[in-house]
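Take a look at the structure set out below.
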Amino acid sequence: MSQFKLYFDFKENVCADEVSVLELDSSSFTKVISSSGGALVKFYAPWCGYCRQFEGPYSEAARALADAVPDLIVARIDGTRFPAETSFAGVKGYPTVLFFKGAKSYPFNGERSVKGIMSFVESVIGPPVDSLVDEDALEKKVEELLDGVFFLYRGDKFSSLWIAFNATAEEYRLQLPFYHLDDGTSNNAGDIFVYKDGDKRRFLLREDGDMMSQMKEFVEENRQPAFGHLTASDLKQMSGEPNLIVCVFLVDYMLDFTKDFKCIGRDLAFNNPGDSLALYKFAWSADTRGFSSLAMTSLEPPNLLLYSPVNKTFMLHPLCSTPEAISALNKQQITAFLVDGVNGKLPVGYFDIGAFKFLS
Numbered sequence: 001m002s003q004f005k006l007y008f009d010f011k012e013n014v015c016a017d018e019v020s021v022l023e024l025d026s027s028s029f030t031k032v033i034s035s036s037g038g039a040l041v042k043f044y045a046p047w048c049g050y051c052r053q054f055e056g057p058y059s060e061a062a063r064a065l066a067d068a069v070p071d072l073i074v075a076r077i078d079g080t081r082f083p084a085e086t087s088f089a090g091v092k093g094y095p096t097v098l099f100f101k102g103a104k105s106y107p108f109n110g111e112r113s114v115k116g117i118m119s120f121v122e123s124v125i126g127p128p129v130d131s132l133v134d135e136d137a138l139e140k141k142v143e144e145l146l147d148g149v150f151f152l153y154r155g156d157k158f159s160s161l162w163i164a165f166n167a168t169a170e171e172y173r174l175q176l177p178f179y180h181l182d183d184g185t186s187n188n189a190g191d192i193f194v195y196k197d198g199d200k201r202r203f204l205l206r207e208d209g210d211m212m213s214q215m216k217e218f219v220e221e222n223r224q225p226a227f228g229h230l231t232a233s234d235l236k237q238m239s240g241e242p243n244l245i246v247c248v249f250l251v252d253y254m255l256d257f258t259k260d261f262k263c264i265g266r267d268l269a270f271n272n273p274g275d276s277l278a279l280y281k282f283a284w285s286a287d288t289r290g291f292s293s294l295a296m297t298s299l300e301p302p303n304l305l306l307y308s309p310v311n312k313t314f315m316l317h318p319l320c321s322t323p324e325a326i327s328a329l330n331k332q333q334i335t336a337f338l339v340d341g342v343n344g345k346l347p348v349g350y351f352d353i354g355a356f357k358f359l360s
């Protein structure tokens, strides 16, 4: 059933936001999430400021998806008016976006932008493993995902190793990219590699244990890069060791001068200068809006933010309000800032129920 057929079936109970986003109620919710083409549903609350901020990107993405994936229904529902539907979906907070496909629902945890939503939808409706046509395509992927992690299967699709790889990719489809290249160079059983931190590592199958368990173990061991990308949403959901501190380099894809700033972060991640920074995990982000909302202050790139996942505490650089000054910092100056963070010499704030407050 197409989106337009569903819309006319429900037109007495559903209104459209510029035709692209359907407003659901109890009767239309069940039908929409069971539609054959899938449904993207945003759960919101009228009083939620984050929901209002997200409305523009969500509506714009809906218009783009109407052309790109015409059978997909993009909708929203007021969770405060329809608590039964909210409870059924397992929603714990607002805004929450779920992609309903078949008997499964997939949570959106990416950047709240048009690009973030489109990438999420593509990851759900596309194949779990994308094919690369040749070695040139692989080289481009290595360059594109320099700060990320991806897994590659080389060989034909007739081996038991391929079956395990494809099944694992299905399980991790929203978290990690998986690719296939059949260039005729691998053995009949196929080969699996992880590309990470500028290097690659081959999966070695042990005689003990089943193949699927070993494949998942390999993925779990290698899923975190030394200098990975994350969003503000990723940061809020992060957990870690009691003393772990995450250092986020906030950058802008469009500003060339932030590239050098990002390179300092990569250098610190790959070449940790000593015990004073042993507690740090390094990451980068372009989620300016998300981190500004998280810190309740304007954080323009380039910028620095330190976060303790266990204590939910933040530390900002003293020059955070002047990104021009941040961009002029060298590796030694940034290292000194990180040492101050470990030694408790920076003002500390905490994130609690959507607010950022300074403790000292």
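Heads up: the sequence shown runs through residues 1 to 360, numbered per full-length UniProt numbering.
The beta carbon of each residue, even a glycine, is placed where N, CA and C say it ideally should be.
Beta strand (DSSP E) segments (min. 3 residues) lying fully within the region 264-312 | 280-285, 303-308
Cβ-Cβ distance between L235 and Y280 below 7 Å | no
Enumerated in chain order, which unbroken segments of the alpha helix (DSSP H) with a length of 4 residues or greater are wholly contained in the UniProt domain "Thioredoxin" (1-126)?
-> 3-9, 26-33, 49-68, 83-88, 114-125
Member of P302, W284, G349 whose CA lies at the smallest distance from the CA of T313 = G349
Proximity winner among L255, Y195, I192, relative to S327 (alpha-carbon distances) | L255
Whose C-alpha, out of D197, L146, L338, N311, is nearest the C-alpha of P318?
-> L338
Using the Cα positions of A169 and I192, report the straight-line distance between them to the nearest angstrom.
-> 12 Å
On a CA-only basis, which of D147, D210, D197, E60 is nearest I163? Give me that one, please.
-> D210
Measure the alpha-carbon distance for V142 versus D130 and round it to whole angstroms.
-> 14 Å
Using the rule of at least 16 other Cβ atoms within 10 Å of the residue's Cβ for burial, across every protein chain shown, is L204 buried or exposed?
-> exposed
Take the Cβ of C263 as the centre, count every other Cβ of all protein chains shown within 10 Å, and call the residue buried at 16 or more, exposed below.
-> exposed
Who pairs with Y172 in a beta bridge, going by DSSP?
-> DSSP, once it has assigned bridges, lists no residue as partnering Y172.
Best match in L304, E60, A189 for proximity to L329 [C-alpha to C-alpha] = L304
Could you tell me the distance, in whole angstroms, from the CA atom of A137 to the CA atom of Y153?
-> 14 Å
To which residues of the same chain is D147 closer than 8 Å at the C-beta, ignoring the five residues directly before and after it?
-> P225, F227, G228, H229, R266, W284
What is the rounded straight-line gap between the Cα of G90 and the Cα of T288?
-> 29 Å
Return the chain-ordered list of same chain residues with a C-beta closer than 6 Å to the C-beta of D156, the five sequence neighbours on each side being excluded.
-> D182
Of the residues V32, L161, T231, P309, which one's Cα is nearest the Cα of E111?
-> T231
Output the boundary residues of the beta strand (DSSP E) element that contains D191.
-> 191-196
Where does the unbroken alpha helix (DSSP H) through F337 begin, and where does it stop?
-> 331-342
Should A61 be labelled buried (16 or more other beta-carbon atoms within 10 Å of its own) or exposed?
-> buried
Confirm, please, whether the CB-CB distance from S213 to G190 is below 7 Å.
-> no
Could you check what DSSP says for K236 in three-state terms: helix, strand or coil?
-> helix
Per DSSP, what kind of secondary structure is S321 in: helix, strand or coil?
-> coil
Run of the beta strand (DSSP E) containing D199, from where it starts to where it stops | 199-202
Cutoff 7 Å: K104 Cβ touching any chain D Cβ | In the structure shown, chain D cannot be found, because there is only a single protein chain.
Going by the beta-carbon positions, is the gap between G126 and D71 smaller than 7 Å?
-> no
Whose CA, out of L176, C247, S293, K196, lies closest to the CA of N272?
-> C247
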